[in-house]
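The sequence shown lines up with residues 248 to 387 when you count with the working numbering.
Where is the CB? At the ideal position from N, CA and C, for every residue including glycine.
From a predicted model like this one, the values you see are computed outputs, not experimental measurements.
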Amino acid sequence: GLAAVDAGCATVHAVNRSRLTAVELKNLDEQLITAATEGDVVATKRLAAEGASPNAKGDTGEPALYEAAYRGHAGAVSALVRLGADPDARGDRGWTALMQAAHNGTVDGVSALSDYDHGWHAGQAALVLLSLDTVCDVYG
């Protein structure tokens with residue numbers, strides 16, 4: 248089933264990464280972050296197949312998944328998680344992708360991440376952030 252396909256992709260990914268230099272890996276990771284940030288699902292999958300890490304973090308310290316969720320790119324979010332990105336990874340602010348998507352009010356990002364298992368605390372924190380933003384929008 249799907250789990251076997253995901254496991255096979257992870258194996259290919261690990262083999263591809265082992266063949267690359269540190270500079271090549273950094274370049275691929277940066278390209279993957281850009282693709283995910285722009286919502287380019289095809290490029291995200293291709294770069295991961297070439298060896299980019301689905302858990303790559305950019306110069307700001309935020310994971311690719313965080314950047315995609317923040318911008319509401321549901322396709323990129325789903326692709327990254329299926330490629331092995333950790334939905335509970337935290338960026339430099341200490342927030343998960345779900346928390347950031349909720350804070351930014353990107354319904355597509357929250358919806359895409361809700362399909363995956365998250366720790367209770369991260370999910371509750373995301374809802375609190377979303378609630379606070381809603382109250383601030385309503386009451387200024």
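Can you name the residues that DSSP bridges to residue i?
i, result
"Leu304", "First, the residue type needs correcting, since residue 304 is Lys and not Leu in the sequence shown. Note: Lys304 sits in a beta bridge opposite Pro310."
I believe residue i touches residue j by the beta-carbon criterion, under 8 Å. Please report the beta-carbon distance rounded to the nearest angstrom.
i, j, result
"Ala332", "Asn302", "6 Å"
"Asp355", "Gly298", "Contact doesn't hold; Cβ gap of about 28 Å is too wide."
"Leu275", "Leu294", "6 Å"
Could you have a look at residue i and say whether DSSP puts it in helix, strand or coil?
i, result
"His320", "coil"
"Arg293", "helix"
"Cys383", "With a pLDDT of 47 at Cys383, under the threshold of 50, the modelled position of this residue cannot be trusted; read the value that follows with caution. Three-state DSSP puts Cys383 in a helix."
"Asp287", "coil"
"Thr281", "helix"
"Ala336", "coil"
"Val252", "Annotation note: pLDDT 45 at Val252 (below 50); position unreliable, coordinate value reported separately. Of the three classes helix, strand and coil, the one that applies to Val252 here is helix, per DSSP."
"Leu275", "helix"
"Gly331", "coil"
"Gly356", "helix"
"Ser388", "Absent from the structure is residue 388, since the part of the chain shown begins at 248 and ends at 387."
"Trp367", "Confidence in Trp367 is poor, its pLDDT being 48 and thus under 50, which makes the residue's placement unreliable; the coordinate value appears in the next sentence. Three-state DSSP puts Trp367 in a helix."
"Ser361", "coil"
"Leu345", "helix"
"Ala315", "helix"
"Ala269", "helix"
Relative to the C-alpha of residue i, which candidate in the options has its C-alpha closest?
i, options, result
"Leu330", "Ala283, Gly356, Arg340", "Ala283"
"Gly308", "Thr353, Trp342, Val288", "Trp342"
"Met346", "Ala315, Arg293, Lys292", "Ala315"
"Ser388", "Asp287, Arg318, Leu279, Glu285", "This structure leaves residue 388 out entirely; the chain is present only between 248 and 387."
"Ser325", "Ala359, Lys273, Leu275, Val354", "Ala359"
"Leu312", "Glu285, Lys273, Thr268", "Glu285"
"Ala344", "Ala321, Val328, Leu327, Tyr317", "Tyr317"
"Arg337", "Asn274, Ala296, Lys304, Glu277", "Lys304"
"Ala321", "Ala295, Arg266, Ser361", "Ser361"
"Asp287", "Thr268, Ala323, Lys273, Ser265", "Ala323"
Taking all protein chains shown into account, do 16 or more other C-beta atoms lie within 10 angstroms of the C-beta of residue i, making it buried, or fewer, making it exposed?
i, result
"Asp306", "exposed"
"Val289", "exposed"
"Lys292", "buried"
"Thr353", "buried"
"Ala348", "buried"
"Val270", "exposed"
"Ala296", "exposed"
"Leu327", "buried"
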